[in-house]
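Quick notes on the structure that follows.
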């Protein structure tokens, strides 16, 4: 059985080459005596740390003082009120968050060697059995809608073309990983996981350790195009309470936070279907080819100025989503086509090609989004695409057409942080040859549901529209890059 921690000498020998050690910036973490190794659940449950893990969770859940960092509710409230979703530092904030939670587990358990495990659902999409046992003394059990997340998985973030990291760059890894598998896993499991109090469910921590692991695995061996750790991008810090803060630049590399993972393999295939074969799939894209959903009959919303440097090119009102997929067709009038083309040209940095209008970016806005009935419990979500081809491949569409995801988790976040309005940047997705004659923009909402699927009306949307904005698309390529001789590994 692999131990939970290793000496620095063994770590350097096993995890770093001599060149890598010389190239990686010296940090205080590497001066520490140990680098802790987080194990996959199937190995962790057979390790000496398993009993301490259960004891710590049981004690934290029994602590009713929400102001005490040793209570379970303390960490849930942090996620609800300070968690970053759909914005820069989503991955970095959660890396620091689970790190400090791990420290608290050690304090509560009295076991200084305890680490958090992760759940590799790319190998086994079933929620581990220990989390589904409803025994009264099982601290890992809560009610969930689904216990298989096969439908949440995508390989899009791990394609060779994904070398950019932060929001505002094309095909950004952080964005893609949040849209899948991160958010879909929340939505498909449902229950607590479908809301901002998601960390009430113990599986949350295994899910986020896996997301953290996937980020690190993607970045190997050269860091891709992540801003170098000295870039102002990493300035500032995250605060989780008294004595619990982390500078952002420390989250650049997991070894600077004194931990490692036992397996850093990037997903390249989907797991065996196994239990997923019995799941109900409602117009779910399969990856082997699908057809764009039929257009629905919705009340049109014409073009108009919205104020604040925004203009609607058109849209549709009163959209009700049930257990089928649909497409919203947005006709673009002649004047709007010129404005759209100009904005897309400016967004691509092509002002010399006619991008001389006042608008600089494009987004798809969803206004007054509401969940209905039992939909809040989760078990489903919708992928939101722009201009899907009539026949499309799901994995390719994730890279070329995906705007984002809408489900109970995203709607709960929008409601918690100031209302039921959402918007997806669309400049990069809509730019391309088709933009030269953009007489229509189609917005497809493709339903994905697990074995236990919410039936009937689930989500209502007051309006979906295509917007122009005077805001820059924020495609900033002036970050400090790593030196040519440096190695992230």
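Numbering (mature numbering (1 follows the signal peptide of the UniProt record, and there is no 0)), first residue to last: -31 to -1, 1 to 458. Just so you know, even glycine gets a beta-carbon here, dropped at the ideal spot from N, CA and C.
Does DSSP classify residue 287 as helix, strand or coil? strand
Which ranges would you report for the alpha helix (DSSP H) in the stretch 82 to 150 if only whole runs of at least 4 residues count? 142 to 146
Have a look at the DSSP bridge pairing and note the partners of residue 228. 5
What is the DSSP secondary structure of residue 459, counted as helix, strand or coil? Beyond the ends of the chain as shown, which are -31 and 458, falls residue 459; an answer cannot be given.
Can you tell me whether residue 192 is helix, strand or coil according to DSSP? coil
Sequence-distant residues of the same chain with beta carbon closer than 7 Å to residue 236, five excluded per side: 91, 124 and 127
Alpha helix (DSSP H) containing residue 378: first to last residue? 377 to 385
Using the Cα positions of residue 191 and residue 133, report the straight-line distance between them to the nearest angstrom. 12 Å
Note down the Cα distance separating residue 289 from residue 198, rounded to an integer number of angstroms. 46 Å
For residue 393, the residue or residues it bridges with in DSSP: 333
What residue range does the alpha helix (DSSP H) around residue 30 cover? 19 to 31
Does the distance from the C-beta atom of residue 300 to that of residue 283 stay below 8 Å? yes
Run through DSSP, which three-state label would residue 249 get? In this prediction, residue 249 has a pLDDT of 38, which is less than 50 and means its spatial position is unreliable; nothing more can be read from the coordinates.
Hey, how far is the Cα of residue 193 from the Cα of residue 202? 15 Å
Measure the alpha-carbon distance for residue 59 versus residue 167 and round it to whole angstroms. 15 Å
With a Cβ-Cβ cutoff of 8 Å, do residue 398 and residue 352 count as a contact? no
Ends of the alpha helix (DSSP H) at residue 270? Not the alpha helix (DSSP H): residue 270 falls in the beta strand (DSSP E), residues 268 to 270.
Limits of the unbroken alpha helix (DSSP H) element including residue 61: 59 to 78
Should residue 248 be labelled buried (16 or more other beta-carbon atoms within 10 Å of its own) or exposed? Any reading at residue 248 must be qualified, since the residue scores a pLDDT of 40, below 50, and its modelled position is unreliable; no value is offered.
Quick one: is residue 76 buried, meaning 16 or more other Cβ sit within 10 Å of its Cβ, or exposed? exposed
Sort 377, 361 and 195 by Cα distance to residue 339 and report the nearest one. 377
Could you tell me the distance, in whole angstroms, from the CA atom of residue 88 to the CA atom of residue 31? 25 Å
Chain D beta carbons: is any one of them nearer than 8 Å to that of residue 361? In the structure shown, chain D does not exist; there is a single protein chain.
Roughly how many whole angstroms lie between the Cα atoms of residue 69 and residue 12? 23 Å
Three CB pairs or more closer than 8 Å across the stretch 101 to 111 and the stretch 44 to 60: no
Counting only the same chain and skipping the five closest in sequence on each side, list residues whose C-beta sits under 7 Å from that of residue 173. 162 and 167
Looking at residue 22: is its Cβ nearer than 8 Å to the Cβ of residue 83? yes
Per-residue DSSP class, three states only, for residue 280: strand
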